[in-house]
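In terms of the UniProt record's numbering, the sequence shown opens at residue 1 and continues consecutively.
Virtual Cβ for every residue (Gly too), placed ideally from N, Cα, C.
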Amino acid sequence: MAGFHSRSTGSVDVRVVPHPAITLVLEFGNGPLVVDAATGRQQRGNLVAGFLHSAVRVRGENVECVQVRLSPVVARAVLDVSPSELDHTVVALDDLWGQDAARIRQQLGDATSWQHRFALVEALLARRAEREPSVDPEVAWVWERVMVSRGRVRVEDLAAEVGWSRKRLWSRFRSQVGLPPKRAAMLVRFDHAAHRLAAGEDAARVAADSGYVDQSHLHRDVLAFTAVTPATVVSQPWLAVDGIAWAGHGAGGTV
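Structural data, given as structure tokens:
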């Protein structure tokens, strides 16, 4: 998780690209935080985003929030809904959590430090995650393999390794994670490549190292996920800030 606030600038207006995680935004500032999807749909306040197909605009004034990147392996237990039911868009967390959403917003607003806020969120997520296993062990294992390989893995090989047919893996993975295995691998590979581009690395080297056929293949994936070219990605704040907010992928980053 990471903490965000716009006290120094007064406002925020950025485009956020798809990421290989279910995203929770727990907003407690004077806000509200507003998300505009490509479909024209708009959401405010506490939010949960499934696996997005395209970038969304995030904006607001005096925004303060805790953002959580949640593995789809535990998402169903935490959210009370499968990632496949989030319909690749942004929905109001209040609709899923009811009073829990209102309660955590109040607690975050009353907290006097970011460390306290992170502790509150962690305790809430841990309590909700205890309810029931979210996915089959085989599905969890395949997700981990996709993440560790940075998307450079064949679905046929994954199915063979868990002893399932390709069709069975596709069906179970899609219904429990929210994406088909091949699409999940594409998203993870893109995420790794996009962050390397944002760090200033050469596009040709990034394409070769990330498992793309060539630089044109990388260009098409970046365009599909972000609606901008690789040359434009390097200047986008939503990727540049990750090295600060999510350094080490631990809890407690603030931006």
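Contact check for Gly211 against Arg145 fails: the beta carbons are separated by 8 Å or more. Taking a cut-off of 8 Å on C-beta distances, the stretch 66 to 76 does not touch the stretch 33 to 46, as fewer than three cross pairs fall below it.
In this chain, the beta strand (DSSP E) harbouring Gln43 covers 42 to 44.
Val148 counts as exposed, since fewer than 16 other beta carbons sit within 10 angstroms of its beta carbon. His88 is not bridged by DSSP to any residue. Between Leu223 and Ala193, the gap from beta carbon to beta carbon reaches 8 Å or more. Counting only residues of its own chain and dropping the five nearest sequence neighbours on each side, Arg189 has a CB closer than 7 Å to the CB of Arg150, Gly151, Arg152, Ser210, Gly211. Assigned with DSSP and collapsed to three states, Arg183 falls in helix.
The alpha-carbon separation between Gly60 and Asp157 amounts to approximately 45 Å. Ser6 sits close to Val12, with the two beta carbons spaced by under 8 Å. Separation of the CB atoms of Val90 and Leu47 is rounded to 5 Å, and the pair is thereby assigned contact status at 8 Å.
The C-alpha of His19 is placed about 7 Å away from the C-alpha of Leu187. Following the DSSP letters along the chain, one finds Ala129 inside the alpha helix (DSSP H) bounded by residues 114 to 129. Following the DSSP letters along the chain, one finds Ala204 inside the alpha helix (DSSP H) bounded by residues 203 to 209.
Here the C-alpha atom of Gly109 lies approximately 39 Å from the C-alpha atom of Arg172. Within the same chain, Cβ atoms closer than 7 Å to the Cβ of Val81 are found at Leu96, the five residues on either side in sequence being excluded.
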